[in-house]
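S.K.: Add 71 to the 1-based position in the sequence shown for this note's numbering, that's all there is to it.
Heads up, the beta-carbon is just placed ideally off N, CA and C, and yes, glycines get one too.
I'd like to ask some things about the structure below.
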Amino acid sequence: MTETPSPDKDVLIADLRHRLAEAEETLRAIRENEVDALVMRGTLAEEVFTIGGDCESYRAFMETMEPGAVALDNAGRILYTNSMLEQLLGKGSAELQGTFLVDVLPTDTGTEIKQLLSDARATRKNREVHFPRDGDDELDLHFVAAAIPLRLGTISGHAVTFANVTERVYNEGVEQSEHAARAVIDSANEAVLVCDRDGIITHANAASSIVYEGDRVGRAFADIIPLDFHGTSGVLHPDDMVAMVVAGTPLQGIEATAVNAPKVKDYLVSAAPLRVAGGRISGAVVTMVDLSHRKAAEERQQLLMRELDHRVKNSLAMVASISARTASTVSTVKEFQAVFSGRIQALAATHNLLLENAWSSLGLRDIVRSELAPYVDDAMGSVTIDGLNRAVTPRAAISFGLVVHELTTNTVKYGALSQEGGRIALREIGGDNGKNGPLVVEWRESGGPLVAPLERKGFGHTVITRSLQYGSGGGAEFDFDPAGLVCRISIPSEDLS
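Here's what the structure looks like:
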């Protein structure tokens, strides 16, 4: 009895017959040189086998590949290269064949390819490599190198391809640089503006509104921020600045005036090339630092210098006058030394008080105490001060100090303090306390010898009566009361603080 085949057996038998036909056709094609190469795919790797002696079909296949391609033997020597790779290496096929690939590549690139070939002994491996360029304006080339085991007839080796990814790497670098630059620029306190190679503003941080309040991005820097560069005689213009920087010449710390700026006009301008991935200059970064505070400080310094010069000249003139007048009223050098030294010390005492108060103003009570201190002991209770809480300007303080010094030395030598029991009382007189006129300070002596009018008026008398006459109502007058000398000192109202 004959057995009828099952449907599953029929399918299996048909498949085996189909495979047998393919094998017979493959063997026939090989015998008749109609096949150049076979690709064998296994579970772990893929191998390429070429058949025949000259392998022209394989060479033709490599030439049609868009990436650079090279076939290597097991030692890494070049068997074939396509024209794309030859152009990249700058060498011809005859020159390259038989050389080691790592020897014709840049040093770092060769090291990377050597490691790639080592990793691709059994299976395909990829690695990103780069080719450095010599020119400053040329970008380094970046490739994804792929290595796959290869067998050419009886020779084992590798097929290596180089796919150019320079544009992708460059764009990624530009994007990263842009993100980093924006973060840095936006966090800056100074005005920062970024221009492209044509001087068009591509980015401006919030602080740059100090130089131009309107829309800045997309506008020409030179048009919306005209700058007057100090000391360049009009030769340097904003558009020249951008052109110089784009050419690779940075500008550092040049003072300029932004004539159209809404508020601050004076700036310290710096500009540097904007370099992107690969080192290419794509524009300029301009930084503008507000100089208004520095300018104000410089003006204050100049004012202080002029004021110091004025005060020094006045002081020297006063010293010269004191010296000359003292010399005309004494008879010996020793006497001159004592009197002149005392007057200069009185002047210095007031200057020291003014220095401690930053030459602003001084209280009358402080001046009196400073001038009395070398001659009168506070513990003795011989001096009383009533009021004198007002402060006066530096010029009035110096003049008032000299007056009090002359009164003090006179009373110690000839007046109330020349004998035991003498007293001095100082007080403010005048109902308005200097509000509507000069402030009057009374110096009254008591308990001393009888007082008589002066027979001869010396320099001390001149100092007292004239020192405060520079202002309206200023000066001093004496009352030679037999019970004690009285001096009323008038301080001009404009010098009261």
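Checking 8 Å against the spacing of the C-beta atoms, do V330 and V357 come in under that value?
M.R.: In this structure, V357 does not lie closer than 8 Å to V330 by Cβ.
S.K.: Using CA coordinates, which residue listed in Y241, K334, C266 is at the minimum distance from M312?
M.R.: Cα-wise, what sits closest to M312 is C266.
S.K.: Taking the alpha-carbon positions, what's the V263 to T232 distance?
M.R.: Taking the straight line joining both Cα atoms gives about 45 Å.
S.K.: Provide the residue span of the alpha helix (DSSP H) that contains Q323, from first to last.
M.R.: No alpha helix (DSSP H) contains Q323, which is instead part of the beta strand (DSSP E) from 322-329.
S.K.: Provide the residue(s) that pair with E243 in DSSP beta bridges, ordered along the chain.
M.R.: Answer is none; E243 lacks a bridge partner.
S.K.: Helix, strand or coil, according to DSSP, for D286 in the structure here?
M.R.: Note: D286 maps to coil in three-state DSSP.
S.K.: In whole angstroms, what separates the C-alpha of V317 from that of R268?
M.R.: C-alpha separation (whole angstroms): 6 Å.
S.K.: Tell whether a beta-carbon distance below 8 Å holds between V175 and H213.
M.R.: No, the Cβ-Cβ distance between V175 and H213 is not below 8 Å.
S.K.: Roughly how many angstroms lie between the CA atoms of S394 and R498, to the nearest whole one?
M.R.: Whole-angstrom Cα-Cα distance: 31 Å.
S.K.: Would you kindly report the start and end of the unbroken alpha helix (DSSP H) that includes D310?
M.R.: Counting along the chain, the alpha helix (DSSP H) containing D310 begins and ends at 309-317.
S.K.: Spatial neighbours of T328 within its chain, please: C-beta separation below 8 Å, excluding the five flanking residues on both sides.
M.R.: Closer than 8 Å at Cβ, skipping near neighbours: L298, D299, H301, K336, D337, Y338.
S.K.: Would you mind stating whether R515 and V454 have Cβ atoms separated by less than 8 Å?
M.R.: Cβ atoms of R515 and V454: not closer than 8 Å.
S.K.: Based on Cα-Cα distance, which residue from P177, E565, T536 lies nearest to D559?
M.R.: Correcting the residue type first, residue 559 is Arg in the shown sequence and not Asp. Closest option to R559, Cα to Cα, is T536.
S.K.: Look up V197 in the DSSP assignment and say whether it is helix, strand or coil.
M.R.: Note on identity: in this sequence residue 197 is Asn, with Val being the wrong assignment. Here N197 sits in strand by DSSP.
S.K.: In this structure, does DSSP put N104 in helix, strand or coil?
M.R.: Confidence at N104 is low in this model, with a pLDDT of 48, below 50, so its placement is unreliable and no value can be given for it.
S.K.: Please state the DSSP three-state secondary structure of G474.
M.R.: One point to set straight first is that residue 474 is Val, not Gly, in the sequence displayed. Of the three classes helix, strand and coil, the one that applies to V474 here is helix, per DSSP.
S.K.: Just the C-alpha distance for V282 and A342, rounded to the nearest angstrom, thanks.
M.R.: Approximately 16 Å between the Cα atoms of the pair.
S.K.: Report yes or no: do the region 427-441 and the region 456-469 share at least 3 C-beta pairs separated by less than 8 Å?
M.R.: Result yes; three or more Cβ-Cβ pairs closer than 8 Å.
S.K.: In three-state terms, what does DSSP make of I296?
M.R.: Coil at I296, not helix or strand.
S.K.: The beta strand (DSSP E) spanning A234 covers which residue range?
M.R.: Segment 226-235, the beta strand (DSSP E) holding A234.
S.K.: Answer yes or no: do L172 and A216 have a C-beta to C-beta separation smaller than 8 Å?
M.R.: Their beta carbons are not under 8 Å apart, which means L172 does not touch A216 by this criterion.
S.K.: Since I325 contacts P309 with CB under 8 Å, what's their CB separation in whole angstroms?
M.R.: That belief does not hold up - the Cβ atoms of I325 and P309 are roughly 11 Å apart, past 8 Å.
S.K.: When you compare each of R346, S154, P333, Q373 to P321 by their alpha carbons, which one comes out closest?
M.R.: Taking only the C-alpha atoms, the option nearest P321 is R346.
S.K.: G555 bridges to which residues according to DSSP?
M.R.: D552.
S.K.: May I ask you to report which of helix, strand or coil DSSP gives S564?
M.R.: Helix, per DSSP.
S.K.: Considering just the uninterrupted stretch of the beta strand (DSSP E) at T182, what are its terminal residues?
M.R.: Where T182 is concerned, there is no enclosing beta strand (DSSP E), although the alpha helix (DSSP H) it sits in stretches over 178-190.
S.K.: Quick test of your reading: E261 and M359, contact by CB under 8 Å. State the CB separation rounded to the nearest angstrom.
M.R.: Rounded, the Cβ-Cβ distance is 6 Å, consistent with contact.
S.K.: Helix, strand or coil: which one does DSSP assign to G452?
M.R.: If DSSP states are grouped into helix, strand and coil, G452 belongs with coil.
S.K.: Have a look at D125 and I184 and give me their C-alpha separation to the nearest angstrom.
M.R.: With a pLDDT of only 49 at D125, under 50, the local geometry of the prediction cannot be trusted, and the value read off the model is given with reservation. In a straight line, the C-alpha of D125 is about 27 Å away from that of I184.
S.K.: Identify the continuous beta strand (DSSP E) that holds T273 and give its terminal residues.
M.R.: Run containing T273: 272-275, per the beta strand (DSSP E) assignment.
S.K.: Based on the DSSP output, what are the partners of T479 in its beta bridges?
M.R.: According to DSSP, which records beta bridges pairwise, T479 is partnered with nothing at all.
S.K.: Please determine, among G518, T403, T480, the residue with the shortest C-alpha to C-alpha distance to Q416.
M.R.: It is T480.
S.K.: For Q323, which residues in the same chain have their Cβ closer than 6 Å to its Cβ, ignoring the five residues on either side in sequence?
M.R.: For Q323, where only same-chain residues beyond five positions count, the Cβ hits under 6 Å are S341.
S.K.: Where A554 and Y485 are concerned, what is the direct C-alpha to C-alpha distance, given to the nearest angstrom?
M.R.: Whole-angstrom Cα-Cα distance: 13 Å.
S.K.: Tell me the DSSP bridge mates of L510?
M.R.: DSSP output for L510 lists I562 as bridge partner(s).
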